[in-house]
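The structure under discussion appears below in the form of structure tokens.
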Amino acid sequence: MSENTTRASSPSPVGHRPHPAVEALRGGLRAIWGNRKARIGMILLALFILVALLAPLLAPYAPKDNSFDRNLGASAQHWLGTTAAGEDVLSQLIHGARISVIVGFGAGSISTLIAVLIGLTWGYITGFAADVVNFVVNLFLVIPGLPLMIVIATYLQNGGISVIIAVIAITGWAWGARVLRSQTSTLRNRDFVQSAKFSGERAPRIIFREILPNMTSIIAGGFFGSATAAILAEAGLEFLGLGDSSIVSWGTMLYWAQNSNALLTGQWALLFAPGLCIALLATSLTLINFGVDGISNPRLREGSTGR
Amino acid sequence: MRYALRKVGLFALTLWAAVTLNFLLPRMMPGSPADAAIARLSQNGPVTDETRAAVEAQLGVPDGNILQQYLAYLDQVIHLDFGISYAFYPEPVSGLVATALPYTIVLVGTVTVIAFILGTLLGVLAAWRRGTWLDALPTVGGSFMNTFPYFWTSLLLLFFLGYVAHLFPTFGAYSATAVPGISWDFFVDILYHAALPAVTLLITSLGGWIIGMRNAMINTLGEDYVTFAEANGIGGRTVALRYAARNAILPNLTGFGLALGGVVGGSILVEQVFGYPGIGFLLFNAVIGQDYPLMQALFLMITVSVLVANLLVDILYGVLDPRTRR
Numbered sequence: 005m006s007e008n009t010t011r012a013s014s015p016s017p018v019g020h021r022p023h024p025a026v027e028a029l030r031g032g033l034r035a036i037w038g039n040r041k042a043r044i045g046m047i048l049l050a051l052f053i054l055v056a057l058l059a060p061l062l063a064p065y066a067p068k069d070n071s072f073d074r075n076l077g078a079s080a081q082h083w084l085g086t087t088a089a090g091e092d093v094l095s096q097l098i099h100g101a102r103i104s105v106i107v108g109f110g111a112g113s114i115s116t117l118i119a120v121l122i123g124l125t126w127g128y129i130t131g132f133a134a135d136v137v138n139f140v141v142n143l144f145l146v147i148p149g150l151p152l153m154i155v156i157a158t159y160l161q162n163g164g165i166s167v168i169i170a171v172i173a174i175t176g177w178a179w180g181a182r183v184l185r186s187q188t189s190t191l192r193n194r195d196f197v198q199s200a201k202f203s204g205e206r207a208p209r210i211i212f213r214e215i216l217p218n219m220t221s222i223i224a225g226g227f228f229g230s231a232t233a234a235i236l237a238e239a240g241l242e243f244l245g246l247g248d249s250s251i252v253s254w255g256t257m258l259y260w261a262q263n264s265n266a267l268l269t270g271q272w273a274l275l276f277a278p279g280l281c282i283a284l285l286a287t288s289l290t291l292i293n294f295g296v297d298g299i300s301n302p303r304l305r306e307g308s309t310g311r
Numbered sequence: 266m267r268y269a270l271r272k273v274g275l276f277a278l279t280l281w282a283a284v285t286l287n288f289l290l291p292r293m294m295p296g297s298p299a300d301a302a303i304a305r306l307s308q309n310g311p312v313t314d315e316t317r318a319a320v321e322a323q324l325g326v327p328d329g330n331i332l333q334q335y336l337a338y339l340d341q342v343i344h345l346d347f348g349i350s351y352a353f354y355p356e357p358v359s360g361l362v363a364t365a366l367p368y369t370i371v372l373v374g375t376v377t378v379i380a381f382i383l384g385t386l387l388g389v390l391a392a393w394r395r396g397t398w399l400d401a402l403p404t405v406g407g408s409f410m411n412t413f414p415y416f417w418t419s420l421l422l423l424f425f426l427g428y429v430a431h432l433f434p435t436f437g438a439y440s441a442t443a444v445p446g447i448s449w450d451f452f453v454d455i456l457y458h459a460a461l462p463a464v465t466l467l468i469t470s471l472g473g474w475i476i477g478m479r480n481a482m483i484n485t486l487g488e489d490y491v492t493f494a495e496a497n498g499i500g501g502r503t504v505a506l507r508y509a510a511r512n513a514i515l516p517n518l519t520g521f522g523l524a525l526g527g528v529v530g531g532s533i534l535v536e537q538v539f540g541y542p543g544i545g546f547l548l549f550n551a552v553i554g555q556d557y558p559l560m561q562a563l564f565l566m567i568t569v570s571v572l573v574a575n576l577l578v579d580i581l582y583g584v585l586d587p588r589t590r591r
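Protein chains in written order, with the working numbering: chain A, 5 to 311; chain B, 266 to 591.
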């Protein structure tokens with residue numbers, strides 16, 4: 005809230021003033037950029053997105069070109085060696101970035117949207133209606149994500165990447181909704197909400213205009229959190245052989261590596277590289293979260309003593 | 266008391282909904298176990314009607330309308346009778362589950378408790394010594410470890426410590442030569458085999474607790490009552506532990522309860538990599554063998570354990586934080 009007022013009073017040429025939302029976004033990005041950890045995260049994420057976009061240009065070979073010798077170690081022709089099927093590991097690695105980036109952002113945004121809509125409403129309302137929502141959210145919360153994903157993926161063998169995104173989003177929003185609910189119910193009794201209520205504001209306006217801005221960091225944090233979870237879940241499903249094992253992703257690379265006994269043939273690059281990429285991509289999102297936390301929670305800002 | 270009763274009532278309702286969902290889920294999906302089995306048979310040649318009837322009889326294809334099926338299913342659930350496994354034919358599903366359950370509960374349960382205690386303490390320390398290496402190391406290290414895919418950490422530890430260095434066993438819960446029973450040797454053997462999976466689970470779950478506790482703690486450290494306590498000259502450690510940490514731990518307790526509930530189903534990938542014969546490995550085998558009765562029973566059990574943990578956390582939260590009772 006205080007962010008908005010300070011930004012509105014900053015001098016900018018009248019007439020060329022961008023939309024407030026654009027300005028808020030720019031201010032938010034600047035605040036994240038100001039945090040050292042978050043800056044590293046943003047650069048890392050940008051790098052992964054770039055690699056995903058330019059995969060065909062960057063990869064030395066086609067990802068499914070299996071005309072090479074099998075189980076090769078690292079060499080000048082194949083920096084990370086070849087797979088048991090005779091494919092270039094580096095090319096597969098570069099193309100694999102696409103799936104993870106798509107799944108992370110796709111499933112992350114869908115589940116965050118559901119979490120915000122349900123979590124804030126749930127936290128504001130009381131009585132029987134809250135119990136009904138509690139019931140529905142609990143139902144989604146108690147159904148453990150990975151087992152449910154595994155069960156559905158087993159029934160829908162090789163459903164493709166959109167099925168995986170849908171399953172991850174549907175199983176992943178409940179936790180965020182719960183966190184947002186508890187935060188909302190604490191804010192509900194704060195003075196500014198009470199005064200908004202007494203001045204005759206309607207519930208949706210109070211929820212989304214008064215309470216919501218106070219939770220930017222939690223929501224953004226929730227998005228990066230669910231994107232991270234989605235990337236890990238997708239890799240896990242592919243690793244179990246439950247996704248579409250014909251596509252090239254980091255998860256399927258590890259699936260084929262384990263099934264072709266890379267543990268025994270000692271091809272550590274084949275085991276090491278895809279997992280490291282998953283971990284680095286997920287880390288970039290987590291690092292950005294450090295900066296996001298600082299935006300609407302000044303206590304978490306770098307450099308502030310917090311006391 | 267009314268608060269607790271209401272929670273128990275909701276619990277019963279949710280339990281029923283979860284059980285019903287478990288019934289509906291396979292019926293909403295395309296195909297049936299018998300169809301899948303027949304599809305596999307038909308790859309070897311045409312399938313006669315007699316074969317089809319035999320397969321359906323063997324796989325226990327439900328007869329009657331959906332209501333009769335539902336009542337029969339509820340009856341089965343109440344008697345914990347989940348039929349015969351396809352993949353481990355003719356073992357009953359309930360026996361397989363009972364064999365696998367202790368492994369998972371002991372392994373994952375112990376690690377979850379250790380990770381929670383250790384992570385919370387490190388989080389308190391990080392927030393209290395903010396800006397020093399005591400903050401930076403666990404925060405950055407923890408958030409990096411938190412992003413490791415479980416199965417990848419498992420694969421790396423298995424590869425380097427198991428296959429390359431030969432320090433740890435590479436498969437199973439105990440040696441093939443060990444004699445299961447209550448003896449010191451067997452106990453040591455079990456611990457030896459559980460070490461790598463346990464370390465994997467600890468590495469990947471510790472970071473979440475550290476970050477969660479640190480951030481909650483930083484928030485409470487900025488509250489007025491903490492400043493007031495400091496102004497009164499109360500010692501730093503007392504303020505940190507008795508004033509700030511006590512309140513900051515509340516959100517983490519919710520997570521802990523849910524993590525305990527997730528113990529039963531939370532280690533599928535780790536158990537699969539290490540071939541550790543717990544619930545997760547059983548679920549993996551059920552999935553690979555398209556063993557629907559086993560899969561359904563496991564899924565129901567994993568769900569119910571989270572449900573029970575959720576109820577306990579709700580009640581505990583009401584005791585600890587009176588504001589939520591309103």
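Built from N, CA and C at the ideal position, the CB exists for glycine as well.
Treat the numbers as computed from the prediction; the structure is a model and nothing was measured.
State yes or no: is the C-beta of residue i within less than 8 Å of the C-beta of residue j?
i, j, result
"A/Ala266", "B/Phe413", "no"
"B/Ala574", "B/Asn517", "no"
"B/Gly526", "B/Ser570", "yes"
"A/Asp69", "A/Glu91", "yes"
"B/Leu466", "B/Val535", "yes"
"A/Ile168", "A/Gly245", "no"
"A/Ala286", "A/Gly149", "no"
"B/Gly384", "B/Leu471", "yes"
"B/Leu423", "B/Leu461", "yes"
"B/Leu565", "B/Thr279", "no"
"A/Val296", "A/Ala224", "yes"
"B/Pro291", "A/Tyr159", "yes"
"B/Leu345", "B/Ser359", "yes"
"B/Pro558", "B/Ser307", "no"
Contact defined as beta carbons within less than 8 Å: I believe residue i pairs with residue j. What is the distance between those atoms, to the nearest angstrom?
i, j, result
"B/Leu547", "B/Leu361", "6 Å"
"A/Val107", "A/Ile292", "Contact doesn't hold; Cβ gap of about 17 Å is too wide."
"A/Leu184", "A/Ala231", "Contact flag wrong, Cβ pair sits at about 17 Å."
"A/Ile172", "A/Met153", "7 Å"
Along chain B, in chain order, which residues have C-beta atoms closer than 9 Å to that of residue i?
i, result
"A/Asp248", "In chain order: nothing, as chain B lies at least about 16 Å away."
"A/Ile154", "Ile533, Leu548, Phe549, Val552, Met560 and Phe564"
"A/Leu216", "Under the 9 Å cutoff, chain B gives no residues; its nearest Cβ is about 19 Å from A/Leu216."
"A/Thr232", "Asn411 and Thr412"
Going along chain A, which residues have a C-beta under 8 Å from residue i?
i, result
"B/Gln537", "Leu244"
Counting only the same chain and skipping the five closest in sequence on each side, list residues whose C-beta sits under 8 Å from that of residue i.
i, result
"B/Ile476", "Gly388, Thr404, Gly407, Ser408 and Asn411"
"B/Leu420", "Val538"
So with CB distances below 9 Å, who are the chain A contacts of residue i?
i, result
"B/Pro587", "Within 9 Å Cβ-Cβ: nothing; B/Pro587 doesn't reach chain A, min ~13 Å."
"B/Ala269", "Near B/Ala269 there are no residues of chain A at all, since even the closest Cβ is about 14 Å away, more than 9 Å."
"B/Thr364", "Correct list: empty, because the minimum Cβ distance to chain A is about 19 Å."
By Cβ distance, which residues of its chain are closer than 7 Å to residue i, with the 5 residues on each side in sequence left out?
i, result
"A/Phe294", "Asn39, Lys41 and Ala42"
"B/Val491", "Thr485, Val504, Tyr508 and Ala509"
"A/Ala261", "Leu274 and Leu275"
"B/Leu366", "Ile544"
"B/Leu540", "Sequence check: residue 540 of chain B is Gly here, not Leu. Excluding sequence neighbours, B/Gly540 sits near Phe436, Gly437 and Phe546."
Under 6 Å Cβ to Cβ from residue i, same chain only, skipping five residues before and after it: list those, please.
i, result
"A/Ile103", "Ser253"
"A/Val141", "Ala178 and Ala181"
"A/Phe227", "Gly112 and Thr116"
"A/Asn8", "Residue placement at A/Asn8 is poorly supported in this model, since its pLDDT is 43, which falls under 50; the coordinates are not used for a value here."
"A/Pro278", "Trp254, Met257 and Leu258"
Under 7 Å between beta-carbons, which chain A residues line up against residue i? List them in chain order, please.
i, result
"B/Thr279", "Phe139, Asn142, Leu143 and Val146"
"B/Ile567", "Pro148 and Pro151"
"B/Gly527", "Pro148"
"B/Ala282", "Leu143"
"B/Asn512", "The premise fails here: B/Asn512 is roughly 12 Å from chain A at the closest Cβ pair, so nothing lies under 7 Å."
Which bits of chain B does residue i rub up against, with CB to CB less than 8 Å?
i, result
"A/Thr158", "Val552, Gln555 and Met560"
Along chain B, which residues have their Cβ under 7 Å away from the Cβ of residue i?
i, result
"A/Ala239", "Pro414"
"A/Leu236", "Pro414"
Report task. With 8 Å as the limit, tell me which residues of the stretch 135-148 of chain A have their beta carbon closer than that to any beta carbon of chain B; keep them in chain order. Result -> Per Cβ criterion, the list reads Asp135, Asn138, Phe139, Asn142, Leu143, Leu145, Val146, Ile147 and Pro148.
Requested in this report: Would you list, in chain order, the members of the stretch 280-297 of chain A that have their beta-carbon closer than 7 Å to a beta-carbon of chain B?
Outcome: Residues of the stretch 280-297 of chain A with a C-beta less than 7 Å from any C-beta of chain B: Ile282, Ala283, Ala286, Thr287, Thr290 and Asp297, listed in chain order.
Query raised in the report: Taking Cβ-Cβ distances below 9 Å as the criterion, which residues of the stretch 251-279 of chain A are in contact with chain B?
Result: For the stretch 251-279 of chain A, which is checked against every Cβ of chain B, the residues closer than 9 Å are Trp254, Gly255, Leu258, Ala261, Gln262, Ala266, Leu267, Leu268, Gly270, Trp272, Leu275, Phe276, Pro278 and Gly279.
**Report entry** Members of the stretch 70-91 of chain A that neighbour chain B once the beta carbon cut-off is set at 8 Å
**Finding:** Taking 8 Å as the upper bound on Cβ-Cβ separation, chain B lies near no residue of the stretch 70-91 of chain A.
Requested in this report: Could you please tell me which residues of the stretch 443-464 of chain B, in chain order, have their CB closer than 9 Å to any CB of chain A?
Outcome: With the criterion set as a beta carbon lying under 9 Å from some beta carbon of chain A, the stretch 443-464 of chain B has no members that meet it.
Query - Contacting positions in the stretch 197-227 of chain A - beta carbon closer than 7 Å to chain D - result: Here the protein chains are A and B, and chain D is not one of them.
Requested in this report: Taking only beta carbons into account, state which residues of the stretch 416-428 of chain B come closer than 9 Å to chain A, listed in chain order.
Outcome: Under the 9 Å Cβ criterion, the stretch 416-428 of chain B contributes Phe416, Trp417, Thr418, Leu420, Leu421, Leu423, Phe424, Phe425, Gly427 and Tyr428.
Query raised in the report: Using a beta-carbon distance cut-off of less than 7 Å, what residues from the stretch 332-351 of chain B approach chain A?
Result: Residues: none.
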